[in-house]
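Enquirer: There's a structure below that I have some questions on.
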Amino acid sequence: MMDSARAAGPGPSETRPLFVMAFGPSLVTLLITFVAGAVVLLTSSTGLGAIAPTVAGLWLAVHQVPVTVSDITLGVLPLVPTVALVAGVARAARRAGGERRPLAELRSVLLCAIAGPALFTAIALAVVNDAAGRFTIGTPPPLTAFLCTIGVHLGAALLGLAPAYWRDAAHFLHVPTWVDDCARLAGRALLTFGAVGLAIVVVRLAIRWETVFELIRSGNDAVGMISLVLLSLLYLPNVVIGAAALPLGAGVQLGPISMSLFSAAPGRAPGVPILAVLPQAPSPWYLLPLLVVPAFVAVRVGRRCAARSLDLGPTVTTVAVTALLTAAGFTAAAFVAGGELGGFGYAGADLLQVFLFTLGWVGLVGVLAALVLQQAGESRAVRAARRAEEEAPSGYTTYADEPDAIDDGATVEIAPAQRGDHDGDPDDDLREHDESAADTGDFDALAEQPTEEVRPVSRPARRATPAPAASKRERSIADIEELDSYTFGQ
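Per the working numbering, the very first residue in the sequence shown carries number 218; after that it's consecutive.
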């Protein structure tokens, strides 16, 4: 019935989430950019005549497409709008994908996730190209615009579908389960670096609070000061990612301004309050203890990988894969957060240093920490894994664990003779004689006694397969022989 319904085509309940997936986040983004563009144009006394190219330029900027204004290319774009867009697309993809759908049916969700935004990007490029002759805005390369748009929306859609379909996708692609654990460790390492970068920015802003307020007051009126504060908040993730690269030993630069844990070259920076974190003097020595941060992350990764396996090969493999994923993720974040900043040149962290230093810290120090913890056994997780391996069954079985090979599934019980009050019964003398013979050890007299009737008592069969049941006569003879052997033994 379900197959016939799917063959008939998607119903209204299935079409609506796909429609929302294709146009919902894009329409919301366009509405927000329209409001922001109108506010900017009205506060700058420009008028709403340039609202169309302004909205088109903001649409491209949200998708991290470099924007050219007055022959100045702005490649360092704020990440806050992009992060908000990714969150909205991921939520729409999660609703459109549902749960427990076949992987083949997710193609429609992914196609809708990129088809609608690609259409709006084409329209934005047409509007910007038309306004390039009348305004100071320039047309970005179309290939770059489409690739950035598809990358943002496709990545957000995959991020939304991952919690429900990652297991099935990994099974379909034959991805080992330990790769999932490595990805989780890499994500935690990146979050740790991000938290440290945020702490560095907050501390620097607190130290340079006078410079921060001077830059805010440079906005002259209330609108200008609010605009500078909002601009600083929009660029906060970019600055945090750049600061997170400092503990690794990588360099961060803004044109002629450069900074690392070992040296700094101050210079003139744009008048944005968030840039007060940049150095105004050589790098102080008290920043060197920040090298403990990547060492801590590497030891943590090595500890987790050492607890997963006590063998050398799997431990080194998991640490190496975790280090590679962490380095790739950090480099991608630094690439998105940086770019060309007009006449200042490149702004952001050195991408090659970020990749190599992250790979070296997490890979080399992580492997060393894992080997030391495995040999010394100081890690609680390693001790638990070693104890579980030592307490594993040795493979030997005791006789108590072996099933009885000769078991007919039934036992016999000798029913005692019922003794009643039989006065004058001539058989009483015979029974008394028999009992006295048994008590005195007269075996000949005991052998002449008639055998008593036995009755089988059934019991539940054991797990082992019982042997074929013997006949009643054979069981009786076996019981009598057992009784005789017991009596002779006494």
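Cβ atoms here follow ideal geometry from the backbone N, Cα and C, with glycine treated the same way.
Just checking, does the segment 456-471 make contact with the segment 428-447 on the three C-beta pairs under 8 Å criterion?
Expert: no
Enquirer: Between residue 422 and the rest of its own chain, which residues show a CB-CB distance below 7 Å, the 5 nearest in sequence each way excluded?
Expert: 429, 493 and 494
Enquirer: Let me know if residue 502 comes out buried or exposed under the rule of 16 or more other beta-carbons within 10 Å of its beta-carbon.
Expert: Result: exposed.
Enquirer: If you follow the beta strand (DSSP E) that residue 570 is part of, which residue opens it and which one closes it?
Expert: Segment 568-577 is the alpha helix (DSSP H) holding residue 570; no beta strand (DSSP E) there.
Enquirer: Under 8 Å, with one C-beta from each stretch per pair, do the segment 238-255 and the segment 318-337 reach the 3-pair mark?
Expert: These segments touch.
Enquirer: Taking the continuous beta strand (DSSP E) assigned at residue 296, which residues delimit it?
Expert: Boundaries cannot be given for residue 296, as no beta strand (DSSP E) includes it and DSSP labels it neither H nor E.
Enquirer: In angstroms, rounded to a whole number, what distance separates the CA positions of residue 274 and residue 374?
Expert: 24 Å
Enquirer: What did DSSP end up calling residue 660 once you bin it into helix, strand or coil?
Expert: For residue 660, the predicted structure reports a pLDDT of 44, less than 50, and the residue's modelled location is therefore unreliable. A value from the coordinates is still provided. Note: residue 660 maps to helix in three-state DSSP.
Enquirer: My guess is that residue 532 and residue 523 are in contact by the Cβ rule of under 8 Å, so how many angstroms apart are they, rounded?
Expert: 6 Å
Enquirer: Name the DSSP bridge partner or partners of residue 285?
Expert: 290 and 355
Enquirer: Can you confirm whether residue 273, when its beta carbon is compared against all beta carbons of chain C, has any partner nearer than 8 Å?
Expert: Here there is only one protein chain, and chain C is not present.
Enquirer: If contact is defined by three or more beta carbon pairs under 8 Å, each pair taking one atom from either stretch, is the segment 353-367 in contact with the segment 408-420?
Expert: no
Enquirer: For residue 572, is the classification buried or exposed, using 16 other Cβ atoms within 10 angstroms of its Cβ as the cut-off for buried?
Expert: buried
Enquirer: State buried or exposed for residue 567, treating a residue as buried only when at least 16 other CB atoms are found within 10 Å of its CB.
Expert: buried
Enquirer: Take residue 246 as the anchor and find which of 371, 570, 401 and 298 has the nearest alpha-carbon.
Expert: 298
Enquirer: Could you tell me whether the segment 287-307 touches the segment 442-456, where touching means 3 or more Cβ pairs closer than 8 Å?
Expert: yes
Enquirer: May I ask which residues mark the beginning and end of the beta strand (DSSP E) holding residue 449?
Expert: Segment 439-451 is the alpha helix (DSSP H) holding residue 449; no beta strand (DSSP E) there.
Enquirer: Within the continuous alpha helix (DSSP H) that includes residue 277, where are the two ends?
Expert: 268-279
Enquirer: Out of 512, 346 and 312, which one is the CA nearest neighbour of residue 586?
Expert: 512
Enquirer: In terms of residues, what are the limits of the beta strand (DSSP E) holding residue 491?
Expert: Taken as a continuous stretch (DSSP letters only), residue 491 belongs to no beta strand (DSSP E), as it is neither H nor E.
Enquirer: Is the number of C-beta pairs between the segment 338-346 and the segment 396-405 that are closer than 8 Å three or more?
Expert: no
Enquirer: Is the distance from the Cβ of residue 499 to the Cβ of residue 480 below 8 Å?
Expert: yes
Enquirer: Skipping 5 residues on each side, what residues in its chain have a beta carbon closer than 6 Å to that of residue 312?
Expert: 234
Enquirer: Identify whether residue 243 lies in helix, strand or coil by the three-state DSSP scheme.
Expert: helix
Enquirer: Between 399, 582 and 437, which has its C-alpha nearest residue 508's C-alpha?
Expert: For residue 508, the nearest C-alpha among the options comes from 582.
Enquirer: What does DSSP give as the partner residues of residue 476 in its beta bridges?
Expert: 469 and 481
Enquirer: Got a sec? Which residues, its chain only, sit under 6 Å from residue 303 by beta carbon, not counting five neighbours each side?
Expert: 373
Enquirer: Going by other Cβ atoms of all chains shown within 10 Å of its Cβ, with 16 needed for buried, is residue 351 buried or exposed?
Expert: Residue 351 is exposed by the Cβ-count criterion.
Enquirer: When the Cα of residue 181 is compared with those of 380, 521, 238 and 378, which residue comes out closest?
Expert: Only positions 218 to 707 of the chain appear in this structure, which leaves residue 181 out of reach.
Enquirer: Taking buried to mean at least 16 other C-beta atoms within 10 Å of its own C-beta, is residue 520 buried or exposed?
Expert: Residue 520 is buried by the Cβ-count criterion.
Enquirer: Return the chain-ordered list of same chain residues with a C-beta closer than 7 Å to the C-beta of residue 265, the five sequence neighbours on each side being excluded.
Expert: Leaving aside the five residues that flank residue 265 on each side, the residues in its chain whose CB is nearer than 7 Å to its CB run, in chain order, 255 and 258.
Enquirer: Taking the alpha-carbon positions, what's the residue 392 to residue 379 distance?
Expert: 14 Å
Enquirer: Around the Cβ of residue 560, are there at least 16 other Cβ atoms within 10 angstroms (buried) or fewer (exposed)?
Expert: exposed
Enquirer: Which runs of the alpha helix (DSSP H) at least 4 residues long sit entirely within the segment 488-565? Give them in chain order.
Expert: 509-525 and 529-554
Enquirer: Starting from residue 434, trace the alpha helix (DSSP H) in both directions and tell me its first and last residue.
Expert: 426-434
Enquirer: Relative to the C-alpha of residue 565, which residue among 324, 384, 262 and 459 is closest?
Expert: 459
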